[in-house]
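J.:
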Amino acid sequence: MDRPDRKQALGRLLGPAAPEIGCDECFDELDRYVELELAGRDADAAIPGLRAHLEGCPACREEHESLRALVGGDQVL
Amino acid sequence: MNAHATNARTTAPLLDAESRDWLRALRAGEPGREEAVARLHALLLRAARFEVARRRPGLPHLRGGELDDIALEAADDALVSVLRRLDTFRGLSRFTTWAYKFALLEAAVKLRKRAWQGRELPLEPESWALFAADGLAPEAEAEQRELLGAIQAAIAEVLTPYQRRVLVALALNGVPIDVLAERTGTTRGALYKALHDARRKLRRHLAERGFPLDDTEEAS
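Respectively, the protein sequence lines represent chains C and F. The first sequence lines up with residues 8 to 84 when you count with my numbering. The second sequence lines up with residues 337 to 556 when you count with my numbering.
As C-alpha cells, this is what we get:
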C-alpha cells in the first residue's frame with residue numbers, strides 16, 4: 008500500500024487535529040459557507056471549525072461538495 | 337411569535353430581492369402560495385436529481401427508474417423540511433442556496449441507505465491492511481508497526497465499548513454515518529459526537545506515548 012493511502016487511513020481514523028464544529032452546526036452554516044467560498048471571501052474565518060469538520064466527516068464533506076458544485080454551476084449559467 | 341417578528345426585522349435588510357420574494361410567496365395565506373410551493377418543489381427536485389446524477393457511477397445496481405423515485409422522494413421530503421423551517425431562514429445566504437441543501441441532504445442520505453440496504457454492518461476492524469506500509473525502509477516500517485500496535489491497543493483499552501463500535505464502523509470500515517444512525521436508532525450528530533470523542537482520546541493517548549500525529553491528511 009503506498010504512503011498516501013496509509014496517511015489517508017490514519018487521517019480518517021484520528022480525524023482533524025484542529026477544533027471542529029458538529030454535523031448539525033455544519034448543516035446550519037453550509038449555505039453561508041459555500042456562498043462565501045464562491046464569492047472568494049474567507050469562509051474559514053467567518054465560520055471557524057467548519058473546514059475541520061469537513062475533513063473529519065465524509066458525509067458532510069460530500070454534501071458540501073455537492074452544494075458548492077450546484078450553486079457554482081448556477082452562477083456560471 | 338415575537339421572536340419571529342424580531343428575527344424577520346433583523347434579517348430583512350440582508351435579504352436579496354429574490355429571497356424576499358420567495359419568503360413572501362411561501363407564507364401561509366398569501367395569494368399564489370400554491371404556485372410558489374410548486375416552484376419550490378421543482379427547485380428541490382432539480383437539486384435532488386443533481387445529487388443522484390453525481391452519485392450514479394457509484395450505484396451501478398440501481399436502475400434509472402429507482403433513481404428517479406429516490407430523487408422525487410428526496411424532493412418531497414425536502415419540501416416538507418423547508419416549509420417547516422421557513423422561519424429559521426436567517427438570510428445569510430440566498431434562499432435558493434439554503435433550500436438546495438435540504439434536497440441534497442435528503443438525496444444523499446437516501447442513496448447511502450439504499451447502497452447499504454440488506455448489507456450487514458461490519459462492526460469489527462476490517463481495514464488494517466490500509467495501515468500496512470509496503471516499500472518503507474526497515475526502520476520506518478518498524479515505526480509504522482509500533483504505531484499500528486499502539487492504535488490497536490488504544491482502541492481496545494482507552495475507548496468505551498460504544499466509542500469503539502462507532503469509531504471502527506465509521507472511521508475504519510467506512511460505514512456511512514447515516515446508515516449507522518438508522519440501524520442504531522440515533523442521529524448523525526450524536527454519532528459524530530461519539531466519533532469525535534473517540535478520536536480525541538486516541539490522539540491524546542498516542543501523543544502521550546510520543547507518537548508524532550502531524551503525519552495525517554484529510555481522508556478522501
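All residues carry an ideal CB built from backbone N, CA and C; glycine is no exception. Bear in mind that the values here come from a model prediction, so they are computed numbers and not experimental data.
Assign His-532 (chain F) to buried or exposed, taking buried as 16 or more other Cβ atoms, counted over all protein chains shown, within 10 Å of its Cβ.
T.: buried
J.: Name the chain C residues that come within less than 7 Å of Arg-429 (chain F), Cβ to Cβ?
T.: Going by the sequence as given, residue 429 (chain F) is Ser instead of Arg. Asp-38, Arg-39, Glu-42, listed in chain order.
J.: Three or more beta-carbon pairs under 8 Å between the stretch 31-42 of chain C and the stretch 50-70 of chain C, yes or no?
T.: yes
J.: Cutting at 6 Å between CB atoms, please list the residues of its own chain near Ile-54 (chain C), excluding the five before and the five after it.
T.: Glu-36, Tyr-40
J.: Please state whether DSSP places Gly-521 (chain F) in a helix, a strand or coil.
T.: coil
J.: Are the stretch 434-453 of chain F and the stretch 387-395 of chain F touching by the rule of at least three beta carbon pairs closer than 8 Å?
T.: The stretch 434-453 of chain F, when compared against the stretch 387-395 of chain F, does touch it at the 8 Å Cβ threshold.
J.: Once the 5 residues before and after Lys-446 (chain F) are set aside, which same chain residues still bring their CB inside 6 Å of it?
T.: Ile-406, Ala-410
J.: Report yes if the C-beta distance between Leu-457 (chain F) and Val-511 (chain F) is below 7 Å; otherwise report no.
T.: Yes; because the gap between Cβ atoms is below 7 Å, this pair is in contact.
J.: Any Cβ of chain F within less than 7 Å of the Cβ of Leu-57 (chain C)?
T.: no
J.: For Ala-534 (chain F), which residues of its own chain have a beta-carbon under 6 Å away from its beta-carbon, when the five flanking residues on both sides are left out?
T.: Leu-495, Gln-499, Leu-503
J.: Ala-505 (chain F) and Leu-538 (chain F): beta carbons closer than 7 Å?
T.: At a Cβ-Cβ threshold of 7 Å, Ala-505 (chain F) and Leu-538 (chain F) do not count as neighbours.
J.: At a cut of 8 Å, does the stretch 516-524 of chain F reach the stretch 18-27 of chain C through at least three beta carbon pairs?
T.: no
J.: Using 7 Å as the limit for Cβ to Cβ distance, is Tyr-436 (chain F) near chain C?
T.: Yes, Tyr-436 (chain F) counts as interfacial toward chain C.
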